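Asks: For reference, the structure I am asking about is given below.
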């Protein structure tokens, strides 16, 4: 994997770890524009009692209001394949590329993203699989709630 | 239209009007479970400087954390056809039906919703078209930002 992608995925992982340390679901994301992190976030289902603050959504929210042109120069890094909601947000704002840490614990709407012209790169990282996989083993009901099962 | 649908769409319109009165984009939504409103909300792009609080998202967030089975007894009422993000959230949580006020000011991911088994009903209401249409005329840049154009 490119050094650049590794660096930003490490930041997304820091967000996942922050969530875990706060008792939350360990998924993290960062939004990068022209090589600079402009938003970061993590899943806050537990922390905020939230149904919409998945990692990517929290990250987009923390990036703040932006124009469509700004999103077109962005890459979103997320430790997990994006679900339907997060994929929808990525498509709404026409973010052209998603770099994910893994898609084994959960595979989101990857075909839908591709069909809408979003480029996907799966780094397939053991670190991302392990932090979430271990969490899911001990929190299956909560996890199913998070992915709408 | 059924009296039931009219009643809940009127509540969604109240949310749209509340947003307008607060200087925001006039789109509203309510989530109804077994004939009872369990969440309501409106677009808060302006009010919160938010990129994710569309009406449907605010409504889902205000309904709080719920299990998948609970969503399966829900209908979401929204004054406008749901965008990709909101459609994604509806699909994630498997909400089986969307009742919309109109789809002339904006037509969202209706086919994608249908393809995922979501039932759609468009009430095609002049009141919904007018409140948003008038707003868009005076706030086109803001509106384009909201729909990712």
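Chains as they are written, first to last, in full-length UniProt numbering: chain A, 1 to 149; chain B, 1 to 149. Virtual Cβ for every residue (Gly too), placed ideally from N, Cα, C. Since the model is a prediction, treat every value here as computed from it, not as a measurement.
Determine, using beta-carbon pairs with one atom in the stretch 36-51 of chain B and one in the stretch 58-67 of chain A, whether at least three such pairs fall under 8 Å.
Replies: These segments touch.
Asks: How should residue 34 (chain A) be labelled, buried or exposed, when 16 other C-beta atoms within 10 angstroms of its C-beta is the threshold for buried?
Replies: It counts as exposed.
Asks: Determine the burial state of residue 23 (chain B): buried for a count of at least 16 other Cβ atoms within 10 Å of its Cβ, exposed for fewer.
Replies: It is exposed - the Cβ of residue 23 (chain B) has fewer than 16 other Cβ atoms within 10 Å.
Asks: Establish whether the CB of residue 83 (chain B) and some CB of chain A are separated by less than 8 Å.
Replies: With 8 Å as the cut-off, residue 83 (chain B) counts as an interface residue toward chain A.
Asks: Taking the alpha helix (DSSP H) that residue 62 (chain B) falls in, what are its first and last residues?
Replies: Start and end: 55-63.
Asks: Using a C-beta cutoff of 8 Å, does residue 136 (chain A) count as contacting chain B?
Replies: No, residue 136 (chain A) does not count as interfacial toward chain B.
Asks: Let's test the definition: count the other Cβ atoms within 10 Å of the Cβ of residue 138 (chain A) and tell me whether it reaches 16, buried, or not, exposed.
Replies: Flag for residue 138 (chain A) reads exposed.
Asks: The alpha helix (DSSP H) spanning residue 141 (chain A) covers which residue range?
Replies: Its alpha helix (DSSP H) spans residues 140-146.
Asks: For residue 133 (chain B), collect the residues of the same chain with a Cβ closer than 8 Å to its Cβ; drop the 5 residues on either side in sequence, then sort them by chain order.
Replies: 104, 105, listed in sequence order.
Asks: Can you find a C-beta in chain B that's less than 8 Å from the C-beta of residue 45 (chain A)?
Replies: Answer yes: the Cβ-Cβ gap between residue 45 (chain A) and chain B drops below 8 Å somewhere.
Asks: Less than 8 Å between the CB atoms is what I'm expecting for residue 41 (chain B) and residue 15 (chain B), so what's the real figure, rounded?
Replies: Confirmed, about 6 Å.
Asks: Three-state secondary structure (DSSP) at residue 93 (chain A)?
Replies: Three-state DSSP puts residue 93 (chain A) in coil, outside helix and strand.
Asks: Mind pulling the chain A residues with CB within less than 7 Å of residue 87 (chain B)?
Replies: What residue 87 (chain B) touches in chain A: 88.
Asks: Measuring straight from C-alpha to C-alpha, what distance separates residue 101 (chain B) and residue 21 (chain A)?
Replies: Approximately 43 Å, taken between the alpha carbons.
Asks: Work out the CA separation of residue 97 (chain B) and residue 163 (chain A) for me, nearest whole Å.
Replies: There is no way to answer for residue 163 (chain A), as the model of chain A reaches only from 1 to 149.
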